[in-house]
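These protein sequence lines map, in sequence, to chains L and D. Going by my numbering, the first sequence opens with residue 127, and the numbers climb by one from there. Going by my numbering, the second sequence opens with residue 76, and the numbers climb by one from there. Note that CB positions come from ideal geometry on N, CA and C, so glycine has one too. Keep in mind that this is a model prediction, so the values were computed, not measured.
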Amino acid sequence: MRKRFALTVAAAFALMAAACTAGGGGNDAPETVDPNAEHDPVTLEMWIPFSAEHEVAGVQATFDAFEAEYPWITMNITTGVEDDAKTLAAIRAGEPPDAVMSWALDDLAAFCDTGAWQDLSPFIQQDGMVVSDFFPPSVERYTGFGGKQCAFPFLTDAVGLYYNKDLLEAKGFTEPPKTYSELTEMAKALTEFNPDGSIKVAGFIPWFGNYYVNGDPLNHSIAWDADWYNDDGTAAMATDPDWAAMFRWQKDLVDWYGVDKLKQFIAGQGDEWGEASQDFQLGRLAMALDGEWRTAFIENGTPDLNYDTAPAPVPDDQADTYGIGRVGGTIIGIPRGSAHEAEAWLLVKFMATNTDSLVAAANAIGNVPTTFDSLESSDLSLPDQFATFLDVFENPGSHYKDMSILGSADQDILTSFAAKWQSGRITDLEAGLAQVAQQIDDQLEQAGG
Amino acid sequence: MALFLSPWIIGFSVFILYPMIASLYYSFTNYDLLEDPTWVGWQNYRFMFTKDPQFWIAMRNTLWIIAVGVPLQILTALTLGWLLTRPKRGSRFYRTALFLPTMVPPVAAALGFVFLFNPSTGPINQGLKAMGVHDPPLWFYSPYWSKWGLVFLGLWGVGQTMMIFLAGLLDVPQQLYEAAEIEGAGAWQRFRHVTLPMISPVIFFSVVIGVIAGFQYFTQAYVASFAVSGMPTGSASSNIGGPEESTLFYSLHLYIKGFAHFQMGYASAMAWILFLIIMACTILLIRSSRRWVHYQGGFR
Numbered sequence: 127m128r129k130r131f132a133l134t135v136a137a138a139f140a141l142m143a144a145a146c147t148a149g150g151g152g153n154d155a156p157e158t159v160d161p162n163a164e165h166d167p168v169t170l171e172m173w174i175p176f177s178a179e180h181e182v183a184g185v186q187a188t189f190d191a192f193e194a195e196y197p198w199i200t201m202n203i204t205t206g207v208e209d210d211a212k213t214l215a216a217i218r219a220g221e222p223p224d225a226v227m228s229w230a231l232d233d234l235a236a237f238c239d240t241g242a243w244q245d246l247s248p249f250i251q252q253d254g255m256v257v258s259d260f261f262p263p264s265v266e267r268y269t270g271f272g273g274k275q276c277a278f279p280f281l282t283d284a285v286g287l288y289y290n291k292d293l294l295e296a297k298g299f300t301e302p303p304k305t306y307s308e309l310t311e312m313a314k315a316l317t318e319f320n321p322d323g324s325i326k327v328a329g330f331i332p333w334f335g336n337y338y339v340n341g342d343p344l345n346h347s348i349a350w351d352a353d354w355y356n357d358d359g360t361a362a363m364a365t366d367p368d369w370a371a372m373f374r375w376q377k378d379l380v381d382w383y384g385v386d387k388l389k390q391f392i393a394g395q396g397d398e399w400g401e402a403s404q405d406f407q408l409g410r411l412a413m414a415l416d417g418e419w420r421t422a423f424i425e426n427g428t429p430d431l432n433y434d435t436a437p438a439p440v441p442d443d444q445a446d447t448y449g450i451g452r453v454g455g456t457i458i459g460i461p462r463g464s465a466h467e468a469e470a471w472l473l474v475k476f477m478a479t480n481t482d483s484l485v486a487a488a489n490a491i492g493n494v495p496t497t498f499d500s501l502e503s504s505d506l507s508l509p510d511q512f513a514t515f516l517d518v519f520e521n522p523g524s525h526y527k528d529m530s531i532l533g534s535a536d537q538d539i540l541t542s543f544a545a546k547w548q549s550g551r552i553t554d555l556e557a558g559l560a561q562v563a564q565q566i567d568d569q570l571e572q573a574g575g
Numbered sequence: 076m077a078l079f080l081s082p083w084i085i086g087f088s089v090f091i092l093y094p095m096i097a098s099l100y101y102s103f104t105n106y107d108l109l110e111d112p113t114w115v116g117w118q119n120y121r122f123m124f125t126k127d128p129q130f131w132i133a134m135r136n137t138l139w140i141i142a143v144g145v146p147l148q149i150l151t152a153l154t155l156g157w158l159l160t161r162p163k164r165g166s167r168f169y170r171t172a173l174f175l176p177t178m179v180p181p182v183a184a185a186l187g188f189v190f191l192f193n194p195s196t197g198p199i200n201q202g203l204k205a206m207g208v209h210d211p212p213l214w215f216y217s218p219y220w221s222k223w224g225l226v227f228l229g230l231w232g233v234g235q236t237m238m239i240f241l242a243g244l245l246d247v248p249q250q251l252y253e254a255a256e257i258e259g260a261g262a263w264q265r266f267r268h269v270t271l272p273m274i275s276p277v278i279f280f281s282v283v284i285g286v287i288a289g290f291q292y293f294t295q296a297y298v299a300s301f302a303v304s305g306m307p308t309g310s311a312s313s314n315i316g317g318p319e320e321s322t323l324f325y326s327l328h329l330y331i332k333g334f335a336h337f338q339m340g341y342a343s344a345m346a347w348i349l350f351l352i353i354m355a356c357t358i359l360l361i362r363s364s365r366r367w368v369h370y371q372g373g374f375r
């Protein structure tokens, strides 16, 4: 009896272990489907991170158009799946959705490297598609890794400089800054202090870790053209002098404001994601780096704000690169184990390349459309200030950071260092950057990269 | 017998035993949730102790919150419990009022404290300034004060421990106090030689639970550090545990490794180290209790 019980328990564990390691494998040759042939009805399941009503409506219009194009396919959408861990769990369990959408660009390298998101290259070759005919070069750097094209873009984000025209004009400025020297000079001139010494209006907040875009070292690293990785795959923070230059510029401006004053100011900042509570919209920030989506916030929340946009400033010795910026946004792909790969490919290709759908979604959601045709479309109905972000996205020098199998771990290590650097707890910049690089290299070694 | 126990056996096996065995196995593997785990021996453990500076930062922060937070919580709970034995009228009201914060969900409480302690707009600093404090702390925005903010949050929600202390205090036989008084014992001596020994099982229980909870401290630090980062949900994990990693506790680091960086093998190793530390601390506390915990009737 005891032996039989032990065997039963052992069998149960074996079954559970087998269940928990399922979901591997994928076909080398892609399934094909002839859109013109007769088909049994297919329900295609897709998980998407969008959840706000206007966003879901914008994406839904794309799905409606897809269903009209391929009438035997019905879309079944699950919204609000922001956490990639859920998708990964489904892939591991062998029951993923047929197609997936993600905002987590940083995870793409791992998705690609492990095959969790299928390489789309066989589908692309099968259809004779030339990717560079559809998308600007910046797309390549955030939709593929290690020679695999694991994702296509579906709209994207681009970062630029927002500036308050009234505040600039009041101080005699007629143009936005184009270099970091100009940015620094204007930031100081535009800053106003209260009688108690606290900041009333900030020209530009250099603090890492305030608002989502403005406080992210990643955006500055793109502008400074600071490489994240060397050609041999090791971290480049200690070897690329642009990093040290970037951090020195940042610390100088931080110290001009004063660490505690900046912290005090940031603590009083309004909600970045409220329609009319973000500091730039309220006039407490004269200039700020932000994504293209802010134009919609301003239109809805503070329509009287007299503002304009421009590409983010670049270092003085790289003035010829002016116009570049951080780009990268929503990606779509086919997970390993997709039950309807052929139809999923039709969907991914349609969503990424159908001009009318992209334009409609861009208009509804307020993101940058991602194909050459959609960028030039006369149907785009976005604010004038949005043009900056279309240009930044199309600029061949715009890019996202180098992808890594570490996901966001490399950014976390750098951000952790940046926080201590800006507050003055780390004073030896070069040694600190060397430690950052060493830590990232150790993580890569640990991950088997 | 086995039939009657089977619901428990199945539940225990599926939800506790199997995950524990699986995580022990994963702790010796490189497991990224995307591919099958690959055996790496002791590599995760070696990396943890030699190449992960955040591990030691998280450990230091965790020990700090235990060393400072647990004694303060016990002292506060004991003081409040003792005060609640005093009033002749209105004791039910005071008990309810002091217990109410316990009912507030931790997420809401943490967000409330971030608002209250906001150095720019929060009423605490406004009040401190009104009282003449020129340079009040930056609280959750300062690496030197952020943990103290969490300690105050813990003290605010000490109602449950307070109720246990109240029950313990009310359970002390009155005749012991009377006997001590007849012997000439003063208030302090009565507290030291009657109250403390009689409530020592309650103190012991609170210390054990407090230490275990301290090692697993997560929600409040996660919410508070994320709230002050101003970042949207789902953004980079570097926003958790700030400012400057001052609230990066062991469980937060484990969570980031497992669910943000997808290093589940490493996170499993961290979980087992945490398990061993908690077990060692609990055994030490139980052993030490023989010297300072007194049970009525002498039972242990």
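Based on Cα-Cα distance, which residue from the options lies nearest to residue i?
i        : options                                : result
L/Val453 : L/Gly394, L/Pro161, L/Asp554, L/Phe515 : L/Phe515
L/Asp224 : L/Ile531, L/Glu556, L/Ser464, L/Ser542 : L/Ser464
L/Ser324 : L/Val285, L/Gly254, L/Leu388, L/Gly359 : L/Leu388
D/Ser98  : D/Arg365, D/Val282, D/Tyr341, D/Leu360 : D/Tyr341
L/Gln275 : L/Asp245, L/Tyr289, L/Gln252           : L/Asp245
L/Glu571 : D/Asn105, D/Ser88, D/Trp157, D/Phe90   : D/Asn105
L/Lys297 : L/Gly286, L/Asn290, L/Glu311, L/Leu316 : L/Leu316
L/Gln407 : L/Ala563, L/Glu301, L/Lys291, L/Ala557 : L/Lys291
D/Leu245 : D/Ile358, D/Thr160, D/Met76            : D/Thr160
L/His180 : L/Gly384, L/Asn489, L/Arg374, L/Val562 : L/Asn489
L/Pro522 : L/Phe476, L/Thr456, L/Asp446           : L/Asp446
L/Gln511 : L/Tyr196, L/Trp333, L/Gly417, L/Asp253 : L/Gly417
D/Ala288 : D/Thr236, D/Val368, D/Ala255, D/Phe174 : D/Thr236
D/Phe280 : D/Ser195, D/Asn193, D/Ser363           : D/Ser363
L/Asp233 : L/Ile458, L/Asp482, L/Ala470, L/Trp375 : L/Ile458
D/Gln148 : D/Tyr120, D/Phe227, D/Pro181, D/Ala183 : D/Phe227
L/Ser507 : L/Asp517, L/Phe519, L/Val226, L/Ala487 : L/Ala487
Residue i touches chain L at which residues, Cβ-Cβ below 8 Å?
i        : result
D/Leu225 : Neighbours of D/Leu225 on chain L: none; closest Cβ ~17 Å, over 8 Å.
D/Asn193 : Ala393, Gly394
Using the Cβ count rule (16 or more neighbours within 10 Å means buried), how would you classify residue i?
i        : result
D/Leu213 : buried
D/Leu351 : exposed
L/Gly151 : With a pLDDT of only 41 at L/Gly151, under the threshold of 50, the placement of this residue in the model should not be trusted, and no figure is reported.
L/Ala277 : buried
D/Ser81  : exposed
D/His336 : buried
D/Val89  : exposed
D/Arg365 : exposed
L/Gln252 : exposed
L/His346 : buried
L/Pro367 : exposed
What's the C-alpha gap between residue i and residue j?
i        : j        : result
L/Gly492 : L/Phe261 : 19 Å
L/Gly149 : L/Trp229 : Here the model assigns L/Gly149 a pLDDT of 41, short of 50, so the residue's position is not dependable, and the following value carries that caveat. In a straight line, the C-alpha of L/Gly149 is about 23 Å away from that of L/Trp229.
L/Thr147 : D/Leu109 : Note that L/Thr147 scores 41 on pLDDT, short of 50, meaning its location in the model is unreliable and no value can be drawn from it.
L/Asn153 : L/Asp528 : Model confidence at L/Asn153 stands at a pLDDT of 45, short of 50, so the residue's coordinates are unreliable and nothing is read from them.
L/Arg420 : D/Gly285 : 45 Å
D/Leu230 : D/Ile239 : 15 Å
L/Thr497 : L/Ser177 : 24 Å
L/Phe192 : L/Val485 : 14 Å
L/Val168 : L/Trp198 : 6 Å
D/Leu360 : D/Ile141 : 14 Å
L/Asn162 : L/Leu294 : 59 Å
In chain D, which residues lie less than 8 Å from residue i when you measure between Cβ atoms?
i       : result
L/Leu68 : Within the shown structure, residues of chain L are numbered from 127 to 575, placing residue 68 of chain L beyond reach of any answer.
Which chain D residues sit within Cβ distance under 9 Å of residue i?
i        : result
L/Thr553 : Per Cβ cutoff of 9 Å: no residues; L/Thr553 is ~14 Å from chain D at best.
So with CB distances below 9 Å, who are the chain L contacts of residue i?
i        : result
D/Glu256 : Result: empty, since nearest Cβ-Cβ is about 54 Å, beyond 9 Å.
Determine the chain B residues that contact residue i at a beta-carbon separation under 9 Å, and present them in chain order.
i        : result
L/Ala545 : Considering every chain present, this structure includes no chain B. Its protein chains are L and D.
Which residue spans inside the segment 392-462 of chain L form an unbroken beta strand (DSSP E) run of at least 3? As for any beta strand (DSSP E) of minimum length 3 sitting wholly inside the segment 392-462 of chain L, the runs are 413-417, 433-436, 457-459, ordered along the chain.
What are the start and end residues of each continuous alpha helix (DSSP H) run of 4 or more residues lying completely inside the segment 338-363 of chain L, in chain order? You should have 343-349.
Unbroken alpha helix (DSSP H) runs of length 4 or more, entirely within the segment 470-512 of chain L: which are they? Qualifying alpha helix (DSSP H) stretches, in chain order: 481-491, 498-502.
Uninterrupted alpha helix (DSSP H) stretches inside the segment 279-339 of chain L (no shorter than 4 residues): Along the length of the segment 279-339 of chain L, whole alpha helix (DSSP H) runs at least 4 residues long occupy 291-296, 306-316, reported in chain order.
Please specify which runs of the alpha helix (DSSP H), each continuous and at least 4 residues long, are wholly inside the segment 287-374 of chain D, giving them in chain order. The qualifying runs are 294-304, 325-330, 339-367.
Ignoring anything shorter than 3 residues or poking outside the segment 164-218 of chain D, list the beta strand (DSSP E) runs there in chain order. Whole beta strand (DSSP E) segments, 3+ residues: zero.
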